[in-house]
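Undergrad: Here it is, the structure in full.
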Amino acid sequence: MDADDTGQIVIGGFTQDRNLLEGKTLPYSLPLAVYIAKGNLYAWAKYFQTTDTSNSMEFTSVSDITFRWDGEKVAIALDKINYDVSYMIVVLNKDGTLYGAYRENS
């Protein structure tokens, strides 16, 4: 979880809740990020269904989430349970749209 100076909050974790996953039944969890705007107003929630192309394993959780210094972007580190070889950084604009992503293999 992270908060900026204006009261915006981002929370990262994972979910297996079919209601949040548009009815998908999965044998594993999916990373989840929630954005709460200033004044405790729900802005958006996103789940990430992505793979590490080196072995097609799904990323299953958010290991870290933070605002950029000006609060305009959110960086999210995706991880896999019991897997320490690869991770992915996803950067979202504060409206929840994708800004970019980077995968690290070592």
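Under my numbering, the residues of the sequence shown are numbered 49 to 154, in order.
For every residue, glycine included, the Cβ atom is placed at its ideal position computed from N, Cα and C.
Helix, strand or coil for K86, going by three-state DSSP, please let me know.
TA: Looking at K86 - three-state DSSP - the assignment turns out to be coil, as it is neither helix nor strand.
Undergrad: Using only alpha-carbon positions, find the residue among Y135, G61, N88, A81 that is nearest to T54.
TA: Here the closest residue by C-alpha is N88.
Undergrad: Sorted by chain position, which residues of the same chain lie with C-beta nearer than 6 angstroms to K142's C-beta, five sequence neighbours on each side aside?
TA: E120, listed in sequence order.
Undergrad: Within its chain, find whatever has a CB closer than 6 angstroms to the CB of S109; leave out the 5 residues flanking it on each side and keep chain order.
TA: Result list for S109: F62, P79, D127, in chain order.
Undergrad: Where does Y135 fall in DSSP's three states?
TA: Strand, per DSSP.
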